[in-house]
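Each protein sequence line maps, in turn, to chains A and B. When you line the first sequence up against the numbering used here, it's residues 40 to 787, in that order. When you line the second sequence up against the numbering used here, it's residues 6 to 223, in that order. Here a beta-carbon is modelled for each residue, glycine too, at the ideal position from N, C-alpha and C.
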Amino acid sequence: MRKVWDLIGGVHPPENKHQSVQSCIGTLPLPEKLIIPLNQHIGAPPKLLVAEGDSVLKGQVLAEPNGMVSAGIHAPTSGIISEISAHSIPHPSGMAARCITLVPDGHDRWADIKGVENYREHSPEELLDVIRQAGIVGLGGGGFPTAVKLGTQQSISTLIINSSECEPYITADDMLIREHAKDIVEGIKILSFILGEPEEILIGIEDNKPEAYEALEPYLQDTNIELVEFTTRYPSGGEKQLIQILTGKEVPNGGLPADIGIVCQNIGTTYAVQRAIQQGEPLISRVTTVTGNACETNKNYLVLIGTPISHLLEHSGFDQSKCPRLIMGGPMMGFTLEDLNIPVIKTTNCILAPTGEELPTPPPAQPCIRCGMCAEACPASLLPQQLFWHAQSHNYEHLEAHNLFDCIECGACSYVCPSNIPLVQYYRAAKGEIRKLSLEKINSDRARERFEFQKTRKEKEEAGKAVKREARKKAAEQARAKKANNPSGNTETSPADDIIKAAMARAEAQKASPQEQRAKLERGIVRAESHLESVQKRLNTLEQDATEKQREQALAALEDAQLRLKDAQQKLADLTLPSDTNVSNTEKTVMEKSQASPREALEKKIATLKERIVITLKKIAEADDESLKTALQNGLEKQQTKLKDTEQQLAETPAQTNESTTTPETENAAAAAIARAQAKAADQASMSDEDKLKATVESLQNRLIKAQEKLASAESEGSEHIDAFRSGVEKLQAKLTAAEAQLAQETQ
Amino acid sequence: MYDIIAQYPLSAALVALTGLSVVFGAVLGYAAIKFKVEGDPIVEQIDKLLPQTQCGQCGYPGCRPYAEAIANGDTINKCPPGGQTTINAIADLLDVEAPSLDEEHGEESDVKTVAYIREDECIGCTKCIQACPVDAILGAAKLMHTVIVSECTGCDLCVEPCPVDCIDMLPVAKGPGDWKWDMPATTEEQIKNLHSHDIIATDQNNNDNGKQDGGNAS
Numbered sequence: 040m041r042k043v044w045d046l047i048g049g050v051h052p053p054e055n056k057h058q059s060v061q062s063c064i065g066t067l068p069l070p071e072k073l074i075i076p077l078n079q080h081i082g083a084p085p086k087l088l089v090a091e092g093d094s095v096l097k098g099q100v101l102a103e104p105n106g107m108v109s110a111g112i113h114a115p116t117s118g119i120i121s122e123i124s125a126h127s128i129p130h131p132s133g134m135a136a137r138c139i140t141l142v143p144d145g146h147d148r149w150a151d152i153k154g155v156e157n158y159r160e161h162s163p164e165e166l167l168d169v170i171r172q173a174g175i176v177g178l179g180g181g182g183f184p185t186a187v188k189l190g191t192q193q194s195i196s197t198l199i200i201n202s203s204e205c206e207p208y209i210t211a212d213d214m215l216i217r218e219h220a221k222d223i224v225e226g227i228k229i230l231s232f233i234l235g236e237p238e239e240i241l242i243g244i245e246d247n248k249p250e251a252y253e254a255l256e257p258y259l260q261d262t263n264i265e266l267v268e269f270t271t272r273y274p275s276g277g278e279k280q281l282i283q284i285l286t287g288k289e290v291p292n293g294g295l296p297a298d299i300g301i302v303c304q305n306i307g308t309t310y311a312v313q314r315a316i317q318q319g320e321p322l323i324s325r326v327t328t329v330t331g332n333a334c335e336t337n338k339n340y341l342v343l344i345g346t347p348i349s350h351l352l353e354h355s356g357f358d359q360s361k362c363p364r365l366i367m368g369g370p371m372m373g374f375t376l377e378d379l380n381i382p383v384i385k386t387t388n389c390i391l392a393p394t395g396e397e398l399p400t401p402p403p404a405q406p407c408i409r410c411g412m413c414a415e416a417c418p419a420s421l422l423p424q425q426l427f428w429h430a431q432s433h434n435y436e437h438l439e440a441h442n443l444f445d446c447i448e449c450g451a452c453s454y455v456c457p458s459n460i461p462l463v464q465y466y467r468a469a470k471g472e473i474r475k476l477s478l479e480k481i482n483s484d485r486a487r488e489r490f491e492f493q494k495t496r497k498e499k500e501e502a503g504k505a506v507k508r509e510a511r512k513k514a515a516e517q518a519r520a521k522k523a524n525n526p527s528g529n530t531e532t533s534p535a536d537d538i539i540k541a542a543m544a545r546a547e548a549q550k551a552s553p554q555e556q557r558a559k560l561e562r563g564i565v566r567a568e569s570h571l572e573s574v575q576k577r578l579n580t581l582e583q584d585a586t587e588k589q590r591e592q593a594l595a596a597l598e599d600a601q602l603r604l605k606d607a608q609q610k611l612a613d614l615t616l617p618s619d620t621n622v623s624n625t626e627k628t629v630m631e632k633s634q635a636s637p638r639e640a641l642e643k644k645i646a647t648l649k650e651r652i653v654i655t656l657k658k659i660a661e662a663d664d665e666s667l668k669t670a671l672q673n674g675l676e677k678q679q680t681k682l683k684d685t686e687q688q689l690a691e692t693p694a695q696t697n698e699s700t701t702t703p704e705t706e707n708a709a710a711a712a713i714a715r716a717q718a719k720a721a722d723q724a725s726m727s728d729e730d731k732l733k734a735t736v737e738s739l740q741n742r743l744i745k746a747q748e749k750l751a752s753a754e755s756e757g758s759e760h761i762d763a764f765r766s767g768v769e770k771l772q773a774k775l776t777a778a779e780a781q782l783a784q785e786t787q
Numbered sequence: 006m007y008d009i010i011a012q013y014p015l016s017a018a019l020v021a022l023t024g025l026s027v028v029f030g031a032v033l034g035y036a037a038i039k040f041k042v043e044g045d046p047i048v049e050q051i052d053k054l055l056p057q058t059q060c061g062q063c064g065y066p067g068c069r070p071y072a073e074a075i076a077n078g079d080t081i082n083k084c085p086p087g088g089q090t091t092i093n094a095i096a097d098l099l100d101v102e103a104p105s106l107d108e109e110h111g112e113e114s115d116v117k118t119v120a121y122i123r124e125d126e127c128i129g130c131t132k133c134i135q136a137c138p139v140d141a142i143l144g145a146a147k148l149m150h151t152v153i154v155s156e157c158t159g160c161d162l163c164v165e166p167c168p169v170d171c172i173d174m175l176p177v178a179k180g181p182g183d184w185k186w187d188m189p190a191t192t193e194e195q196i197k198n199l200h201s202h203d204i205i206a207t208d209q210n211n212n213d214n215g216k217q218d219g220g221n222a223s
């Protein structure tokens with residue numbers, strides 16, 4: 040005999056089970072219509088597969104599971120879908136929900152269904168899918184999809200079958216065991232197989248069902264299934280309570296039985312699983328107890344899901360005048376039905392029609408006298424009194440601190456309360472309120488987040504716009520300043536500045552990171568080395584039959600190449616120094632170079648020349664004597680030609696220095712670019728269009744001459760770059776002709 | 006050491022006090038920097054209690070600005086969406102008397118609403134999109150707009166800007182899933198609902214006009 044733990048708390052209300060176990064499970068004629076609610080389980084509503092007017096066969100899928108926690112529904116008989124609309128459903132709220140109305144055709148024709156021949160040859164996943172497709176949910180009252188519960192990822196050591204059926208009046212499981220014990224045991228074996236053969240399989244049964252015990256016992260020989268009987272006490276059938284009674288283990292707060300390696304299934308569910316796996320029959324009917332003194336016959340029926348309660352009661356000799364309230368479920372946890380047309384659903388285990396004397400309306404609640412009987416009765420070891428105070432004062436924080444959500448709403452506390460306080464109703468209301476508040480909190484947090492996000496986004500947009508506006512404003516101001524300065528002759532500054540800026544930006548962009556510079560320098564060294572090699576080779580080949588001049592040239596080239604290589608190596612060594620000193624070093628060299636170059640002198644000269652031109656222009660403007668004016672203009676022309684000459688010289692200087700520099704060097708390039716830009720700007724500032732053109736023509740001519748010279752020398756030397764030189768000369772010539780043509784046009 | 010202290014008690018005390026003040030000053034200064042609280046914590050707390058509809062009925066552009074205003078001394082009864090519950094919660098937080106809702110800013114409504122755009126009438130002007138404080142309206146210029154119901158706070162700020170008046174505020178549909186049990190009637194309410202013959206003689210009011218009208222207990 041197995042050790043059985045005691046139920047904590049609990050009550051023992053009058054059982055009233057004998058009335059409905061006098062006759063076997065009955066069947067009912069087909070009702071006029073079946074009303075099948077879409078959502079009969081906990082989880083997502085299933086996806087509808089039929090439309091109004093469709094004719095369906097018995098067992099045909101009406102809606103398939105939609106999502107992980109969901110269950111399908113099936114046609115309980117063959118017939119026509121007459122309506123899919125909102126209809127009142129069995130729910131304490133008495134609210135309406137979407138239902139399929141099926142008008143039976145009376146033939147009760149089965150769809151093509153087929154069971155699994157030998158379930159042991161299939162994988163648990165396949166069997167779980169069959170269970171899922173069959174729409175099986177926990178038939179004890181929870182309505183949680185069975186496939187989800189069985190598909191737990193935790194390893195299960197104990198499977199508990201709940202046939203406690205502790206609530207008074209209800210005998211549906213009792214009668215089912217008596218009549219289908221063999222199939223039930225078969226179903227338990229299937230569950231055990233799916234769960235990977237747990238070590239323990241326990242059937243928990245109260246000692247008020249000796250017939251059921253006897254019916255089960257013969258089928259449990261030679262199996263590892265243990266039938267455990269314990270004292271009748273409400274609410275021993277609660278999942279957590281049954282686990283506590285059978286194993287002594289407690290399900291952690293907020294956890295699931297699977298967390299401690301236990302799965303608990305109602306015995307009706309095991310029968311449904313057996314039907315689904317071995318016969319292929321989906322869940323389309325269940326055993327429901329119809330009892331109470333307001334009914335003439337009290338018995339259990341195998342009821343099709345969707346049968347209106349009125350149909351059940353009609354065949355049980357129900358007298359409405361004797362029954363002040365009709366209850367779905369038991370007297371402890373059931374709820375009152377307002378409408379007789381609501382259907383039986385998968386979780387409907389009892390329709391209770393008591394007379395007024397049998398189950399009197401509770402008298403008005405009296406103040407709590409703090410007797411503490413509720414705390415003694417509570418099977419979850421809570422403090423019902425404290426919960427009651429806090430629920431009354433809507434003190435939700437304290438309620439949660441007192442573990443309100445561990446309350447299973449069994450009603451034991453209300454049952455024992457001498458003041459008739461409807462305690463459970465307080466807890467249910469408080470739970471609903473807390474759930475609503477937490478949902479609102481989530482929503483408001485999300486709204487806040489979205490609001491803040493929108494705010495920051497708008498601020499960002501605004502800031503971006505402001506920056507653009509500022510930039511536009513500045514540009515406009517500059518343009519205005521330029522316009523204002525133009526007549527006074529200060530033109531050289533602003534466009535020159537612009538061009539200088541652009542050049543500086545380009546130089547900045549060119550300035551590479553130290554790594555890149557290094558890589559570049561290394562490449563330069565390699566190049567210089569190869570060049571040196573080739574020069575040496577040439578020198579060697581020349582040695583036999585070469586003129587003196589050629590040899591000299593070759594030697595010079597060799598020296599040049601050696602110098603280049605040295606220079607590049609020196610630069611690389613510089614670079615390997617810490618970066619900051621490196622930067623300052625390069626800066627210094629640039630400075631020195633610029634100081635050493637003749638450019639400065641030239642620039643100074645240009646600046647003084649310009650000043651003089653300006654002064655002369657002023658003088659011309661002021662002069663009133665004709666002869667003085669011509670003299671001044673002559674002077675001016677001379678000054679301008681001088682200026683042009685110096686500028687020409689200046690323009691040529693960077694080119695020459697560039698030629699003399701041997702390795703590619705970014706800083707130098709930058710400085711040169713700046714210088715070029717400055718020179719160009721200075722030129723442009725002081726010249727008219729015609730002058731500019733002339734200058735370009737001149738410079739082009741100069742460049743052409745130089746290029747031709749180079750070409751000639753390359754031809755005489757037999758250089759490999761002859762083609763490049765030639766094409767350069769051609770291009771220059773083309774440019775020159777174009778510039779000349781333009782100049783001709785201008786002068787006309 | 007002791008001799009020196011005994012010799013110059015005043016100076017010693019001064020030195021000790023100065024030393025202490027320097028040490029504690031340093032500690033406090035460090036703590037002030039290290040444990041500096043960003044923003045105003047009371048504003049955060051008030052903001053948490055507000056319903057975040059961002060409707061602006063309080064006269065501020067959103068819930069947070071109103072929370073800031075409350076922290077700066079504004080009255081706490083300007084939030085119709087939050088209603089008396091929110092007022093009570095804020096009063097509780099600030100430890101002040103809870104006033105009743107200022108009807109000037111709107112009435113409290115039990116029914117939660119969401120915006121609904123009659124899509125065939127929408128001309129795609131994007132005015133409602135700009136008005137929505139929580140980006141719950143979807144659409145583009147000259148294309149039909151629609152409301153993301155799950156994100157809509159029901160602030161009805163989008164209704165007014167609509168040039169073709171195609172936005173309705175519809176109550177949120179309630180199903181059995183949203184239903185919750187009601188609190189049982191309090192003892193006083195139960196007694197009020199009782200018929201006079203259910204009450205013992207001493208409970209009866211003198212001016213009770215219920216004259217044995219029979220019937221059942223409620």
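CA nearest to the CA of residue i, picked from the options
i                : options                                   : result
serine 231/A     : Gln679/A, Gln280/A, Gln313/A and Val267/A : Gln313/A
proline 403/A    : Ala751/A, Ser458/A, Leu189/A and Arg511/A : Ser458/A
glycine 180/A    : Thr386/A, Glu289/A and Gly65/A            : Thr386/A
methionine 134/A : Pro181/B, Cys84/B and Tyr7/B              : Pro181/B
threonine 685/A  : Leu259/A, Thr669/A, Lys649/A and Ile645/A : Ile645/A
lysine 774/A     : Glu737/A, Leu750/A and Arg508/A           : Glu737/A
leucine 648/A    : Gln678/A, Asn673/A and Lys658/A           : Gln678/A
lysine 86/A      : Arg137/A, Gly307/A and Leu560/A           : Arg137/A
glutamine 608/A  : Gly563/A, Asp212/A, Asp378/A and Ala486/A : Gly563/A
Residue j beta carbon less than 8 Å from that of residue i
i                : j                : result
isoleucine 170/A : alanine 150/A    : no
cysteine 389/A   : isoleucine 209/A : yes
alanine 440/A    : methionine 188/B : no
glycine 157/B    : valine 116/B     : Note on identity: in this sequence residue 157/B is cysteine, with glycine being the wrong assignment. Cβ atoms of cysteine 157/B and valine 116/B: not closer than 8 Å.
valine 152/B     : isoleucine 142/B : yes
glycine 307/A    : leucine 178/A    : yes
cysteine 413/A   : valine 463/A     : no
isoleucine 152/A : isoleucine 139/A : no
Contacting residues, own chain, Cβ-Cβ under 7 Å from residue i (five flanking each side not counted)
i              : result
proline 53/A   : Pro207
glycine 277/A  : Pro418, Ile447 and Cys449
histidine 57/A : none
Chain-order list of residues whose beta-carbon lies under 6 Å from that of residue i (same chain, five-residue window excluded)
i                : result
glutamine 317/A  : Gly154
valine 101/B     : none
alanine 110/A    : His80, Pro104, Gly174, Val176 and Pro184
valine 622/A     : Low local confidence applies: a pLDDT of 47 at valine 622/A is under 50, so the model's placement there is unreliable, with the coordinate-based value given in what follows. Taken in chain order, the list of residues that qualify is empty.
isoleucine 195/A : Leu234, Pro237, Gly300 and Val302
Cut-off 8 Å between Cβ atoms - residues of its own chain near residue i, not counting five sequence neighbours on either side
i             : result
aspartate 5/B : No information on residue 5/B is available, as it lies outside the stretch 6 to 223 that chain B covers here.
Open item on the list: Output needed in chain order: residues of the stretch 120-148 of chain B with a Cβ under 8 Å from some Cβ in chain A.
Closed with: Pro138, Val139, Asp140 and Ala141
Open item on the list: Please list, in chain order, the residues of the stretch 39-60 of chain B that have any C-beta partner in chain A closer than 9 Å.
Closed with: Asp52, Lys53, Leu55, Pro56, Gln57, Thr58 and Gln59
Task: Selection of the stretch 176-193 of chain B by Cβ proximity to chain A, strictly under 7 Å - done: Gly180, Pro181, Trp184, Lys185, Trp186, Asp187, Met188, Pro189 and Thr192
- [ ] Quick one: which residues of the stretch 317-344 of chain A get their C-beta closer than 7 Å to a C-beta of chain B? List them in chain order.
- [x] none
Task: chain A contacts made by the stretch 148-163 of chain B, where a contact means CB separation under 7 Å - done: Glu156 and Thr158
Task: 3 or more residues per run - each beta strand (DSSP E) lying fully within the stretch 78-165 of chain B - done: 118-122
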